[in-house]
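To start, the structure itself, in structure tokens.
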Amino acid sequence: MDLEQGKKYAGVVIDISHEKVDRLFHYRIPEHLCGSIREGMEVVVPFGAGNKMRKAYVMEITDFVDFPEDKIKWVESINDKAIGMEQKVMSLAYWMKRQYGCTMIAAMQTVLPVKKKIKALECKTIVRNAAEDEILQLINKCNPLRQAARLRILKELLVLKELPFDLVTGKLGVSAATIKSLEEKGVVIIRKEREYRNAFLSGAKKTEPVALTPLQQRAAEGIINSFRSEKKTVLLHGITGSGKTEVYMEAIAACIRDGKQAIVLIPEIALTFQTLKRFYMRFGDRVSVLHSKMSDGERFDQYERAKNGMLDIIIGPRSALFAPFPNLGLIVIDEEHESSYKSEKMPKYHAREVAQYLCEREDALLVLGSATPSVDSYYRAKKGDYLLYELDERIGSAKLPSVHTVDMREELKAGNKSFFSRKLKELMTERFVRGEQVMLFINRRGYAGFVSCRECGEVIKCPHCDVSLSQHGGNRNPYTGVVTPQSLVCHYCGYAVPMVTECPTCKSKKVAGFRAGTQRLEEALKAEYPSVRILRMDADTTKKKEDYEKILSAFAAREADVLIGTQMIVKGHDFSNVTLVGVVAADLSLFAANYMSGERTFQLLTQAAGRAGRGEKKGEVVIQTYQPDNYSVLHASSQDYKAFYEEEMVYRTFAKYPPVCHMLAVQLLAGEEERIWNRGESLAKWLKEEYGEEAGIIGPAKGVVSKVKDIFRVVIYIKHPDMEMLIRMKDAIEEKMGERDEKKEVLQFDFDPINMM
Ligand code: ADP
Ligand code: ZN
Ligand code: ZN
-14 MDLEQGKKYA GVVIDISHEK VDRLFHYRIP EHLCGSIREG MEVVVPFGAG NKMRKAYVME
46 ITDFVDFPED KIKWVESIND KAIGMEQKVM SLAYWMKRQY GCTMIAAMQT VLPVKKKIKA
106 LECKTIVRNA AEDEILQLIN KCNPLRQAAR LRILKELLVL KELPFDLVTG KLGVSAATIK
166 SLEEKGVVII RKEREYRNAF LSGAKKTEPV ALTPLQQRAA EGIINSFRSE KKTVLLHGIT
226 GSGKTEVYME AIAACIRDGK QAIVLIPEIA LTFQTLKRFY MRFGDRVSVL HSKMSDGERF
286 DQYERAKNGM LDIIIGPRSA LFAPFPNLGL IVIDEEHESS YKSEKMPKYH AREVAQYLCE
346 REDALLVLGS ATPSVDSYYR AKKGDYLLYE LDERIGSAKL PSVHTVDMRE ELKAGNKSFF
406 SRKLKELMTE RFVRGEQVML FINRRGYAGF VSCRECGEVI KCPHCDVSLS QHGGNRNPYT
466 GVVTPQSLVC HYCGYAVPMV TECPTCKSKK VAGFRAGTQR LEEALKAEYP SVRILRMDAD
526 TTKKKEDYEK ILSAFAAREA DVLIGTQMIV KGHDFSNVTL VGVVAADLSL FAANYMSGER
586 TFQLLTQAAG RAGRGEKKGE VVIQTYQPDN YSVLHASSQD YKAFYEEEMV YRTFAKYPPV
646 CHMLAVQLLA GEEERIWNRG ESLAKWLKEE YGEEAGIIGP AKGVVSKVKD IFRVVIYIKH
706 PDMEMLIRMK DAIEEKMGER DEKKEVLQFD FDPINMM
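The sequence shown: position 611 = 596 (the numbering used here), numbered continuously.
In structure tokens form, the structure reads like this:
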């Protein structure tokens, strides 16, 4: 081997997301590529028995491989259209791989928000390069019939020194050849500038910042102090309308003054137009957005602008975390409790954790904000890991609304079987008479299908776990006409019983799966109030990205009296004429099979209530429930976060759920049902032997969705107080399950899952 030649092998990962190929493969670097191949680059290599050309990423360049020279294949080419990965991005991908147990390729695809280079837009200008009399001479020499176009551009150049290229070729109808001949004669110069695709808004009118209230001032100073010193994560707990956004902006202004950049995460871009506009109006054109609905070109340009120091702020959903700022100073996560911050596909990362990692690495500060902080973040703040600032007053004259809780069992007893309680109807009628607006909220998650008793409110639960059973079956096969038997299943432990016909507690026959939808609600409202104008916002009415904005603007312009919606309507909108919010079925999120359902219910109810009374007029809220005594409902009614937190923590501590404990869901997927159960059982047995009492091992159980595309899913949950220990267990499981031979068999991990698998 000729060592003088230097490094001549590239260790690459192949662009196929499967654990089987999740390792380095080595290729020889041909001489003509020797100087140009670098780590992080995308290359093309022959792969597998058929030597099919595959994309791959260079992870290392080395001059030694432990492999017979003649068996080693050659790198085919470099893909220079791809964006290379910098060292920093690569190490983030390594961290994700280890932290979340995904393949390197999946990690890389996650941390590179923009994958390919898109042709830069050029802005061309024709600039006069000759004296006026020279131009005049040329004009005189022109043949007005045969050289009309030439004449037109020359005449314009007499008046204007610079002409946009597009205008000349377009409006003036001058061919590129004509322009070229003038350029060759030195009459004009073509100036080329890079033009960036506009991501969102530009030219917003600048506004002066508002004067902060003393509470806001204290929080902003606290954040800025931490930013300039120890960089201790800040949790800003402020009720809806308390002015959190102004506090973020104040801190960001300080960050920019110090020459650093900020990333602002928001849960859902389509729903936060108002917030975006405020950022543009305060910070001007050095703000941009980055999200998946933008075109490739738009995304690429924002990526380049961020990298080249042309931006101070990037706003976007969780993927905006990967904006390549040269000198990151601040990451703000607004509405940090939102479940959209957790990725649903591998790697199943939480934006909060990745942000924490990035902030530590870049010496930046993380700021979390919410009206209803996640139990996890509040727990850390209480423990002293985070600084905590609280804003407990609304800005100006706006007051928190008064809340009425209606026991729907009483309504039933009184013979009212409709969607609407008497109280809600009374208050709605009042609004319609006064010309004020109403929002009605129903939870989409209700489709999970828990079963409850309409008489006593009892929800059918698993005897082994503190979760509700889910209704399964009852589907009719269109070919055979056979209806599958109905059953109740536990998604935690696999326990199953036939569907009950009477309530186990009060023996009432009125037990049924709870299914209700926005559409049914709309019909019911129309029947009750035929002349009322209704807008509906749910997955059906918002198929296109501009639909959200259309519905929201129509409602803001008072083109409707009622807005009906799923949880998407509870997020951050300010409608000053909305004085009543009705939560039609508060229980729908309560009994989803998930240890977080109490937290979700509290958050949704509190956020929904926060939509009422944002203007001068005082608001009212009606919460309809079959469980008025449930602590999530009770504390949301009194808008008492701390009381909710205390009670929730009793449950989490007792049942050893996060944040007291950490949890790892191990999911096995395979095409054969029996095989996957055997694998699951032997894995669970091994785990119990190996880790014994100190780790809580539950399962194997059927996955929530137990079969997708003929692939069966089995899941094992592991609880442990130490996250590092769980990561080591994950590594051990990967090793143990390494000798899989079935092609389709897959192993997936989810740390601190927020949805059960
Ligand atoms: P949050 O993010 O906590 O819901 P916002 O920052 O959106 O609250 O503030 C609510 C409303 O009050 C917004 O219209 C905002 O412009 C206004 N606002 C916030 N702080 C002040 C202030 N100090 N003075 C005047 N208006 C303010
Ligand atoms: Zn009952
Ligand atoms: Zn169970």
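Note that CB positions come from ideal geometry on N, CA and C, so glycine has one too.
Pairwise C-alpha distance: Ala680 and Val43:
What you label residue 43 is simply residue 58 of the sequence shown in a count that begins at 1. What you label residue 680 is simply residue 695 of the sequence shown in a count that begins at 1. Val43 and Ala680: Cα-Cα distance of roughly 39 angstroms.
Could you compute how far the alpha carbon of Tyr432 sits from the alpha carbon of Arg585?
For this step, residue 432 is matched to residue 447 along the sequence shown. For this step, residue 585 is matched to residue 600 along the sequence shown. Unreliable positioning characterises Tyr432 in this predicted model, as indicated by a pLDDT of 41, which lies under 50. A coordinate reading is not provided.
Close beta carbons around Thr591, own chain, < 7 angstroms, minus the five adjacent residues each side
Translated into positions along the sequence shown, residue 591 becomes position 606. The residues are Ala356, Thr357, Ala621, Gln624.
Between the alpha carbons of Val699 and Leu315, how many angstroms are there, rounded?
Your numbering for residue 699 matches position 714 in the sequence shown. Your numbering for residue 315 matches position 330 in the sequence shown. So the alpha carbons of these two residues sit roughly 40 angstroms apart.
Beta-carbon proximity list for Lys603, same chain, < 8 angstroms, skipping 5 on both sides:
Taking the first residue of the sequence shown as 1, we reach residue 603 at position 618. Hits under 8 angstroms: Lys384, Pro386, Ser387, Thr564.
Put Asp65 into one of helix, strand or coil per three-state DSSP.
Numbered from its first residue, the sequence shown carries residue 65 at position 80. Note: Asp65 maps to coil in three-state DSSP.
From what residue to what residue does the beta strand (DSSP E) around Arg47 run?
Mapped onto the sequence shown, residue 47 falls at position 62. Before going further, note that residue 47 is Thr rather than Arg in the sequence given. Counting along the chain, the beta strand (DSSP E) containing Thr47 begins and ends at 37 to 47.
Quick check on Ser277: does DSSP put it in helix, strand or coil?
As a position in the sequence shown, residue 277 is number 292, starting the count at 1. In the structure shown, Ser277 sits in coil (DSSP, three-state: anything other than H, G, I, E or B).
Just verifying my parser: in three-state terms, what is the DSSP assignment at Asp319?
As a first step, residue 319 must be located in the sequence shown, where it is residue number 334. Asp319 falls in the strand class under three-state DSSP.
If we call anything under 8 angstroms between Cβ atoms a contact, is Leu653 one with Leu589?
Here residue 653 corresponds to residue number 668 of the sequence shown, with the count starting at 1. Here residue 589 corresponds to residue number 604 of the sequence shown, with the count starting at 1. Not closer than 8 angstroms, so no.
Label Pro489 either buried or exposed according to how many other C-beta atoms from any shown protein chain fall within 10 Å of its C-beta, with 16 as the threshold for buried.
By 1-based counting over the sequence shown, the position of residue 489 is 504. Pro489 comes out exposed.
Beta carbon of Met75 nearer than 8 angstroms to that of Thr95
Locating residue 75 in the sequence shown gives position 90, where the first residue counts as 1. Locating residue 95 in the sequence shown gives position 110, where the first residue counts as 1. Cβ atoms of Met75 and Thr95: not closer than 8 angstroms.
Could you have a look at Ile519 and say whether DSSP puts it in helix, strand or coil?
For the purposes of this step, residue 519 is identified with residue 534 of the sequence shown, where counting begins at 1. Strand.
Span of the alpha helix (DSSP H), counted from its first residue to its last, around Tyr374
Working through the sequence shown from its first residue, we reach residue 374 at position 389. Careful: Tyr374 lies outside any alpha helix (DSSP H), inside the beta strand (DSSP E) at 372 to 376.
Let's see if you can read the secondary structure: which residues bound the alpha helix (DSSP H) around Ala509?
Within the sequence shown, numbered from 1, the residue matching residue 509 stands at position 524. Segment 503 to 513, the alpha helix (DSSP H) holding Ala509.
Is the beta carbon of Asp440 within less than 7 angstroms of some heavy atom of ligand 2?
Looking up residue 440 in the sequence shown gives position 455. Correcting the residue type first, residue 440 is Glu in the shown sequence and not Asp. Glu440 Cβ: within cutoff of ligand 2.
Check whether the Cβ atoms of Leu306 and Val352 lie closer than 8 angstroms to each other.
Here the question's residue 306 lines up with position 321 in the sequence shown. Here the question's residue 352 lines up with position 367 in the sequence shown. Contact: no.
My guess is that Ala133 and Ser160 are in contact by the Cβ rule of under 8 angstroms, so how many angstroms apart are they, rounded?
Here residue 133 corresponds to residue number 148 of the sequence shown, with the count starting at 1. Here residue 160 corresponds to residue number 175 of the sequence shown, with the count starting at 1. No, Ala133 and Ser160 are not in contact; Cβ-Cβ is about 11 angstroms, not under 8 angstroms.
I need the straight-line Cα distance from Lys410 to Tyr611, nearest angstrom please.
Taking the sequence shown and counting its residues from 1, the one referred to as residue 410 is at position 425. Taking the sequence shown and counting its residues from 1, the one referred to as residue 611 is at position 626. If I take the Cα positions, the gap works out to 18 angstroms.
Do Val547 and Ile519 come within 8 angstroms of each other at the CB atom, strictly closer than that value?
The residue given as residue 519 occupies position 534 in the sequence shown. The residue given as residue 547 occupies position 562 in the sequence shown. Closer than 8 angstroms, so yes.
Can you check the region 59 to 122 for any beta strand (DSSP E) of at least 3 residues that lies completely inside it and give the ranges in chain order?
Complete beta strand (DSSP E) runs here, min 3: 106 to 113.
In this structure, what does DSSP give as the bridge partners for Asp361?
Within the sequence shown, the letter at position 376 stands for residue 361. In DSSP, Asp361 forms no bridge with anything.
Inter-residue spacing [alpha-carbon to alpha-carbon] between Lys408 and Ile682:
For the purposes of this step, residue 408 is taken as residue 423 along the sequence shown, with counting starting at 1. For the purposes of this step, residue 682 is taken as residue 697 along the sequence shown, with counting starting at 1. Straight-line measurement puts the Cα of Ile682 at about 47 angstroms from the Cα of Lys408.
Could you spell out the range, first to last residue, of the beta strand (DSSP E) harbouring Pro31?
The sequence position of residue 31 within the sequence shown is 46, counting from 1. First-last of the beta strand (DSSP E) with Pro31: 27 to 32.
Between the Cα of Thr225 and the Cα atoms of Gln202, Glu632, Lys278, Asp319, which residue gives the shortest distance?
Here residue 225 is taken as the residue at index 240 of the sequence shown, counted from 1. Of Gln202, Glu632, Lys278, Asp319, the residue nearest in Cα terms is Asp319.
Distance CB(Cys491)-CB(Glu443) smaller than 8 angstroms
Against the sequence shown, residue 491 aligns to sequence position 506. Against the sequence shown, residue 443 aligns to sequence position 458. Contact flag set, yes.
Could you tell me the boundaries of the beta strand (DSSP E) in which Val606 lies?
One-based indexing of the sequence shown puts residue 606 at position 621. Its beta strand (DSSP E) spans residues 605 to 610.
On the CB-based measure, 16 or more other CB atoms within 10 Å of its CB, does Arg176 come out buried or exposed?
Position 191 of the sequence shown, counted from the first residue, corresponds to residue 176. Arg176 should be labelled exposed.
Please tell me whether, using a cut-off of 7 angstroms, the distance from the CB of Tyr42 to the nearest non-hydrogen atom of ligand 4 is below it.
Ligand 4 is not among the ligands present in this structure, which contains only ligand 1, ligand 2 and ligand 3.
Using only the alpha-carbon positions, how far apart do Thr526 and His335 sit?
The residue given as residue 526 occupies position 541 in the sequence shown. The residue given as residue 335 occupies position 350 in the sequence shown. Whole-angstrom Cα-Cα distance: 29 angstroms.
Buried/exposed call for Asp523, threshold 16 Cβ in 10 Å:
Here the question's residue 523 lines up with position 538 in the sequence shown. Buried is the call here.
Are three or more beta carbon pairs between the region 360 to 371 and the region 199 to 211 nearer than 8 angstroms?
no
Hey, is Glu443 close to ligand 2, as in C-beta under 7 angstroms from one of its heavy atoms?
The count along the sequence shown starts at 1 and reaches residue 443 at position 458. Yes; taking the cut-off as 7 angstroms, the Cβ of Glu443 has a heavy atom of ligand 2 nearer than that.
Please name the residue, chosen from Glu178, Arg23, Lys56, that lies closest to Pro31 on a Cα-to-Cα basis.
Counting from 1 along the sequence shown, the entry for residue 31 is found at position 46. Selected option, being the one with the closest Cα: Lys56.
Please go through the same chain and pick out, in chain order, the residues whose beta-carbon is closer than 8 angstroms to the beta-carbon of Arg394, but skip the five residues on each side of it.
The residue given as residue 394 occupies position 409 in the sequence shown. If we look at Arg394 and ignore the five residues flanking it on each side, its Cβ neighbours are Arg439, Glu440, Cys441, Gly442, Tyr611.
Are there any heavy atoms of ligand 2 lying less than 7 angstroms away from the beta-carbon of Thr490, as far as the coordinates show?
Taking the first residue of the sequence shown as 1, we reach residue 490 at position 505. The answer is yes for Thr490.
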